[in-house]
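Only one structure is covered here, and it is reproduced in the block below.
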DNA sequence: TATTATTTTGAGATAGCTTATCAATTTCAA
DNA sequence: TTGAAATTGATAAGCTATCTCAAAATAATA
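Residue numbers (the working numbering), protein chains in the order written: chain Y, 16 to 155; chain D, 16 to 155.
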């Protein structure tokens with residue numbers, strides 16, 4: 016997690032922001048997850064620091080997004096923050112039965128997306144691809 | 016819009032629901048749009064019927080989703096209802112500069128999605144693919 | 001057409017998630 | 001060490017969407 020801390024410090028430095036105890040704590044917890052909601056992290060960190068506020072969690076996770084360490088995804092009414100620091104971009108297979116989320120990447124799809132964008136005069140910055148369905152267990 | 020009204024009536028009949036003045040009004044307005052939020056439709060219809068309630072708009076748009084005439088998409092914190100009655104499934108190119116939305120479809124991408132799902136034991140029901148970037152005008 | 005059971009509506013209350021406010025605290029450069 | 005600037009925590013506020021329920025509308029039946 017040294018690399019991510021470096022990346023965070025670099026972002027903080029560039030924007031006149033400060034490194035706080037809370038930001039360190041939240042970063043360490045965040046890097047142990049694949050996806051997490053602010054609310055879930057709030058409960059998870061309540062043991063480590065009972066006074067840590069929910070607003071701080073939200074602020075910090077949004078900060079991580081700005082710093083390129085996290086990416087926010089809206090699933091229904093909830094926002095999940097994905098850890099994208101240690102791996103490349105990926106998309107999601109989501110089971111509507113048990114809510115399981117499987118990550119995948121497919122270069123061919125990415126390439127075709129670029130093609131579509133170019134054809135329409137767009138320059139893609141990001142994208143989201145989510146496939147909803149039933150996993151093998153929930154189908155039965 | 017006769018076909019869509021037929022489809023709606025069929026759905027209503029199957030579920031012991033009733034055809035109301037409001038449902039007709041909202042359907043006609045909806046079919047004139049590509050994408051719209053409940054809030055936007057609320058304001059748009061305020062002239063035609065100042066007493067039409069926001070809750071009714073939401074209820075009716077969700078009804079259209081059940082009937083297969085509409086599809087809800089979450090863009091950030093907002094939900095947009097797409098008119099999918101007269102055309103097949105489509106995905107979106109979204110300009111983060113001017114908020115313009117371009118629809119597209121690409122069978123090759125759809126096919127690759129199926130392939131990914133099968134490989135992971137999933138059966139896809141729906142999906143969403145959104146490409147975010149800048150359109151040609153906003154890039155300058 | 002009149003009756004009546006059932007569904008729908010409108011208005012506001014409520015719920016769930018996220019951001020804004022602001023005094024007190026913490027950080028960090030000088 | 002000092003002090004300007006940023007951050008925090010607690011809670012209020014905002015926003016979108018749904019729920020509640022009495023009154024109204026619909027549609028099946030007589």
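Glycine included, each C-beta is placed from N, C-alpha and C at the ideal position.
For this session: Just list the alpha helix (DSSP H) runs in the segment 18-70 of chain D, keeping only unbroken ones of 4 residues or longer that don't cross its boundaries, in chain order.
Result: The segment 18-70 of chain D contains these whole alpha helix (DSSP H) runs: 36-46 and 53-60.
Problem set entry | Interface partners of residue 132 of chain D on chain Y, CB under 8 Å | The answer, in chain order, is 108, 146 and 148.
Exercise. Using 9 Å as the limit for Cβ to Cβ distance, is residue 71 of chain D near chain Y?
Worked result: With 9 Å as the cut-off, residue 71 of chain D does not count as an interface residue toward chain Y.
Exercise. Between the Cα of residue 116 of chain D and the Cα atoms of D/149, D/140, D/87 and D/136, which residue gives the shortest distance?
Worked result: Closest by alpha carbon: D/149.
For this session: Determine, using beta carbons only, whether residue 140 of chain D comes closer than 9 Å to chain Y.
Result: At a cut-off of 9 Å, the C-beta of residue 140 of chain D has a neighbouring C-beta in chain Y.
Problem set entry | Where residue 143 of chain D meets chain Y, residues with beta-carbon distance less than 9 Å | Taking a Cβ-Cβ cut-off of 9 Å, the neighbours of residue 143 of chain D in chain Y comprise 143, 144, 145, 146 and 147, given in sequence order.
Exercise. With a Cβ-Cβ cutoff of 9 Å, do residue 6 of chain Y and residue 60 of chain Y count as a contact?
Worked result: Examination of residue 6 of chain Y is not possible in this model, given that chain Y is present from 16 through 155 alone.
Problem set entry | Cβ pair residue 143 of chain Y, residue 145 of chain D closer than 9 Å | Cβ atoms of residue 143 of chain Y and residue 145 of chain D: closer than 9 Å.
Problem set entry | Where the segment 113-125 of chain Y meets chain D: residues whose CB sits under 8 Å from a CB there | For the segment 113-125 of chain Y, the set of positions with a beta-carbon nearer than 8 Å to some beta-carbon of chain D reads 117, 119, 121, 123 and 124 in chain order.
Exercise. Going along chain D, which residues have a C-beta under 8 Å from residue 127 of chain Y?
Worked result: Simply 121, 123, 124 and 127.
For this session: Go through its chain and collect everything with a Cβ distance to residue 27 of chain D's Cβ below 7 Å, but skip five positions before and after it.
Result: Excluding sequence neighbours, residue 27 of chain D sits near 33 and 34.
Problem set entry | chain D residues whose Cβ lies nearer than 8 Å to that of residue 137 of chain Y | Those are 108, 110, 117, 146, 148, 149, 150 and 151, listed as they occur along chain D.
For this session: List the residues of chain D that residue 89 of chain Y touches, going by C-beta distances under 9 Å, in chain order.
Result: Contact note: residue 89 of chain Y reaches chain D through 89, 90, 91 and 92, using a C-beta cutoff of 9 Å and chain order.
Exercise. Would a check of beta-carbon distances place residue 74 of chain Y closer than 9 Å to chain D?
Worked result: No, no contact with chain D.
Problem set entry | alpha helix (DSSP H) runs contained entirely in the segment 69-123 of chain D, provided each spans 4 or more residues | Within the segment 69-123 of chain D, the complete alpha helix (DSSP H) segments at least 4 residues long are 69-82, listed from N- to C-terminus.
Exercise. Given 8 Å as the limit, is there contact between the segment 63-70 of chain D and the segment 80-99 of chain D, that is, 3 or more CB pairs closer than that?
Worked result: Cβ pair count under 8 Å is below three, so no.
Problem set entry | Of the listed residues D/133, D/137, D/62 and D/89, nearest to residue 51 of chain D (C-alpha basis) | When only C-alpha atoms are compared, the closest one is D/89.
Problem set entry | Distance CB(residue 108 of chain Y)-CB(residue 118 of chain Y) smaller than 9 Å | Cβ atoms of residue 108 of chain Y and residue 118 of chain Y: closer than 9 Å.
Exercise. So, using beta-carbon positions, are residue 137 of chain D and residue 92 of chain Y closer together than 9 Å?
Worked result: Taking 9 Å as the Cβ cut-off, residue 137 of chain D and residue 92 of chain Y do not qualify as a contacting pair.
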